[in-house]
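Participant: Residue numbers (the numbering used here): 1042 to 1345. By construction, the Cβ of each residue, glycine as well, lies at the ideal position given by its N, Cα and C atoms.
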């Protein structure tokens, strides 16, 4: 398997799915849709819908059309969080993914509304999965239950006890010493929650069992933690042209990071430890997906 070729195939597939669910730029409030589309079409790795898709394939899911609305929805939620995160009241960043952030291009008020619009549209989009079910199928009621469970996971992981809770810890920790335990919880919520949602939804829609979903949640949690620690490392060692955003922004914003509580070598060891734990959990599953396994390792050891 050539990973880079497979990656391009999947990115192209995901981009087409996203375009199917984006709002049309028309009407008296089309500027809102323009700002929403500007935000979500700014590029990016599309990690969350890709992990959702590959977990679905890991568990040999059949009706992929039911998954598509959730793939679009998770990217909308992730994008809304970035739009709001970049605002002056939060991180006050001017560049994201190599181009100007939404509030710089459209103004703060429109950026807030674009974020709100993406979050609301995400759940409107996810609910379209119900329309994909063939009511004549004998197992239709089972598929409906899977969709309901997937919606519960999506709302929970994106909410106050998930991503938003992590953002709150982040804001309240600025300028204050923070313990490693508190930092880990912040990362597990702020970054890990949506990755957990992605992989869990992929498994649920495919029909994975409860024990398998718990294992997937554990793996996803470790992916999120390792990903965020790598982000801390790259903020110090990376190149802003490669990253698509300014380096040293964490220091500028007085953010709590792994580099603030330990040196880079220790942080790298933490990534290695978390990666090993995730790999062992993955190997315990009875199913295998070569591309997913490679993707997980690359995400945890990324350089951009």
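Determine which residues share a DSSP beta bridge with residue 1141 and list them.
Facilitator: DSSP lists 1136 as partners of residue 1141.
Participant: Return yes when the Cβ of residue 1152 is within less than 7 Å of the Cβ of residue 1166, no when it is not.
Facilitator: It is not a contact, given that the beta carbons lie outside the stated cut-off.
Participant: Between which residues of its own chain and residue 1341 is the CB-CB distance below 6 Å, once the five residues before and five after are set aside?
Facilitator: The residues are 1267 and 1316.
Participant: What is the rounded straight-line gap between the Cα of residue 1116 and the Cα of residue 1081?
Facilitator: About 8 Å.
Participant: Please list the terminal residues of the continuous alpha helix (DSSP H) segment that includes residue 1209.
Facilitator: 1204 to 1214 is the extent of the alpha helix (DSSP H) around residue 1209.
Participant: Terminal residues of the continuous alpha helix (DSSP H) containing residue 1243?
Facilitator: Per DSSP, residue 1243 belongs to the alpha helix (DSSP H) from 1233 to 1247.
Participant: What residue range does the alpha helix (DSSP H) around residue 1090 cover?
Facilitator: Its alpha helix (DSSP H) spans residues 1088 to 1099.
Participant: State the DSSP-derived secondary structure class of residue 1077, mapped to helix, strand or coil.
Facilitator: Residue 1077 falls in the helix class under three-state DSSP.
Participant: Have a look at residue 1311 and residue 1229 and give me their C-alpha separation to the nearest angstrom.
Facilitator: So the alpha carbons of these two residues sit roughly 14 Å apart.
Participant: Output the distance between the C-alpha atoms of residue 1259 and residue 1171, rounded to the nearest integer angstrom.
Facilitator: So the alpha carbons of these two residues sit roughly 28 Å apart.
Participant: Here's a check: name, in chain order, each residue in its chain whose Cβ is nearer than 8 Å to the Cβ of residue 1100, leaving out the five neighbours to either side.
Facilitator: Closer than 8 Å at Cβ, skipping near neighbours: 1243, 1244, 1247, 1248, 1249, 1253 and 1328.
Participant: Is the region 1218 to 1233 touching the region 1077 to 1094 in the sense that three or more CB pairs, one from each, lie closer than 8 Å?
Facilitator: No: fewer than three Cβ pairs fall under 8 Å.
Participant: Pairing CB atoms from the region 1218 to 1227 with CB atoms from the region 1065 to 1072, are three or more of them under 8 Å?
Facilitator: The region 1218 to 1227, when compared against the region 1065 to 1072, does not touch it at the 8 Å Cβ threshold.
Participant: How about residue 1343 and residue 1271: do their beta carbons lie closer than 7 Å?
Facilitator: Closer than 7 Å, so yes.
Participant: Any idea what DSSP makes of residue 1335, helix, strand or coil?
Facilitator: Of the three classes helix, strand and coil, the one that applies to residue 1335 here is helix, per DSSP.
Participant: Indicate whether the contact test is met: 3 or more Cβ pairs, each with one atom in the region 1129 to 1142 and one in the region 1101 to 1108, closer than 8 Å.
Facilitator: Counting Cβ pairs under 8 Å, fewer than three are found: no touch.
Participant: Rounding to the nearest angstrom, what Cα-Cα distance links residue 1198 and residue 1095 in this structure?
Facilitator: If you take the alpha carbons of residue 1198 and residue 1095, they lie about 19 Å apart.
Participant: Could you check if residue 1239 is buried or exposed, using at least 16 other CB atoms within 10 Å of its CB as the buried criterion?
Facilitator: That one is buried.
Participant: How is residue 1201 classed by DSSP in three states: helix, strand or coil?
Facilitator: Of the three classes helix, strand and coil, the one that applies to residue 1201 here is coil, per DSSP.
Participant: Ordered along the chain, which non-local residues of its own chain (more than five positions away) have a Cβ less than 6 Å from that of residue 1042?
Facilitator: 1331.
Participant: By alpha-carbon positions, which one of 1251, 1074 and 1236 ends up nearest to residue 1269?
Facilitator: Comparing Cα positions, the closest option is 1236.
Participant: Can you tell which of 1265, 1086, 1306 and 1261 has the C-alpha that lies nearest to the C-alpha of residue 1277?
Facilitator: The residue with the shortest Cα to Cα distance from residue 1277 is 1306.
Participant: Could you tell me the alpha carbon to alpha carbon distance between residue 1140 and residue 1050, rounded to whole angstroms?
Facilitator: Near 24 Å, if we compare the C-alpha coordinates of residue 1050 and residue 1140.
Participant: Give the DSSP-derived three-state secondary structure of residue 1263 in the structure shown.
Facilitator: The answer is helix: DSSP assigns residue 1263 an H, G or I state.
Participant: According to the neighbour-count rule (16 or more other Cβ atoms, all chains shown, within 10 Å of its Cβ), is residue 1200 buried or exposed?
Facilitator: Exposed: under 16 other Cβ atoms inside 10 Å.
Participant: Indicate the three-state DSSP secondary structure (helix, strand or coil) for residue 1284 in the structure shown.
Facilitator: Reliability fails at residue 1284, whose pLDDT of 47 lies under 50, so the model's placement of it is uncertain and no value is given.
Participant: Once DSSP output is grouped into helix, strand and coil, what is the label at residue 1072?
Facilitator: Residue 1072: helix per DSSP, three-state reduction.
Participant: Answer with buried or exposed for residue 1202, where buried requires no fewer than 16 other C-beta atoms within 10 angstroms of its C-beta.
Facilitator: Under this definition residue 1202 is an exposed residue.
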